[in-house]
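In this note's numbering, each residue's number is its place in the sequence shown (first place is 1) plus 6. No residue lacks a Cβ here, since even glycine has one placed at the ideal position from N, Cα and C.
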Amino acid sequence: MSTKRTFDILLSVIGLLLFLPIILVFAIFIWLMDFHNPFYCGERVGLNGKLFTIFKLRSMCVEKRQGKDAQITTASDDKRITRIGKLIRNGKIDELPQLLNIACGDMSIVGPRPNIKTAVDVYTDEEKRILTVSPGLTDMASVVFADQGTILLGTKDPYAAYTKAIRPWKSKLALLYVENSSLYLDIRIIWITILNFFNRKYSLKKMKQLVESLGGNDALTNVTSRKHFNF
Numbered sequence: 007m008s009t010k011r012t013f014d015i016l017l018s019v020i021g022l023l024l025f026l027p028i029i030l031v032f033a034i035f036i037w038l039m040d041f042h043n044p045f046y047c048g049e050r051v052g053l054n055g056k057l058f059t060i061f062k063l064r065s066m067c068v069e070k071r072q073g074k075d076a077q078i079t080t081a082s083d084d085k086r087i088t089r090i091g092k093l094i095r096n097g098k099i100d101e102l103p104q105l106l107n108i109a110c111g112d113m114s115i116v117g118p119r120p121n122i123k124t125a126v127d128v129y130t131d132e133e134k135r136i137l138t139v140s141p142g143l144t145d146m147a148s149v150v151f152a153d154q155g156t157i158l159l160g161t162k163d164p165y166a167a168y169t170k171a172i173r174p175w176k177s178k179l180a181l182l183y184v185e186n187s188s189l190y191l192d193i194r195i196i197w198i199t200i201l202n203f204f205n206r207k208y209s210l211k212k213m214k215q216l217v218e219s220l221g222g223n224d225a226l227t228n229v230t231s232r233k234h235f236n237f
């Protein structure tokens, strides 16, 4: 067993023990809202292209999560998002059940966020390298674009806007991670992710410094700082 895998198991088990009460409380509130399954289980692409089921606390109305609309990138004003859904999305509480994915080996604490198959199907040859590492609960792009829903606010087609303006930069950050992957880098990303909940400006500053230290080009470091991001 690799050091990274041992690290993932340790943190995910500790995380589940710490956050299970929070997950259960919100699961009950979500269930009481419409008496439907409080968890969302969706298909994602993992290491080496292997499909797995990702777990989240459900943040949308059940009847509007069916079919094609179930996995499309959303803006903060999306009418499918419930009142509780907005709360758990803002605090990233909806992602906590993925600690189980990590414990089971489908995901890692740190790694490129897992994508749906239709998105992976259009990966360039370069982007396919992203699949050589396990997807993660957090990564550099998770910090840089933590406000993704707000960025997409008011767009007519959030998914198209995401694909054009955000996805290319997420891929570049993911590839930078793949090229420099290490346990030390994971620890630095985890620390900056935690900082982001308390001081976004400072966390972006630290993330920019990290990207620079990893050899990111000027365009990527500018986007990382979010001072020169054009939507």
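Nearest neighbour of residue i, chosen from the options [CA to CA]
i, options, result
"V184", "Y208, R232, K211, E132", "E132"
"I34", "R64, G222, N223", "R64"
"F32", "S219, K92, S188, I108", "K92"
"K211", "S231, L220, V116, L201", "S231"
"G142", "A171, D112, G160", "D112"
"K152", "K178, L102, S209, Y46", "Checking the sequence, you will find Ala at residue 152 rather than Lys. Residue S209 is the option with its Cα nearest to A152."
"G160", "A225, D83, C110", "D83"
"V150", "K162, L191, A125, I198", "I198"
Three-state secondary structure assigned by DSSP to residue i
i, result
"K62", "strand"
"S231", "helix"
"G91", "helix"
"K74", "At K74 the pLDDT is 43, less than 50, meaning the model places this residue with poor confidence and gives no usable figure here."
"L105", "helix"
Alpha-carbon spacing of residue i relative to residue j, whole angstroms
i, j, result
"S140", "L16", "16 Å"
"F203", "I196", "11 Å"
"P118", "M39", "32 Å"
"K214", "K207", "11 Å"
"D14", "T169", "30 Å"
"L106", "T227", "33 Å"
"I122", "R95", "19 Å"
Endpoints, the alpha helix (DSSP H) within which residue i is located
i, result
"V31", "9-40"
Segment limits, beta strand (DSSP E) that includes residue i
i, result
"C47", "45-51"
"V116", "114-116"
> In the segment 169-229, which residue ranges form an unbroken alpha helix (DSSP H) of at least 4 residues, counting only runs that do not cross its ends?
Replying inline: For the alpha helix (DSSP H) assignment, the uninterrupted runs of no fewer than 4 residues enclosed by the segment 169-229 are, from N- to C-terminal side, 173-186, 189-202, 206-219.
>> My parser needs the alpha helix (DSSP H) runs of 4 or more residues fully inside the segment 120-161; what are they?
In response: Listed in chain order, the alpha helix (DSSP H) elements of length 4 or more contained wholly in the segment 120-161 are 123-126, 146-150, 154-157.
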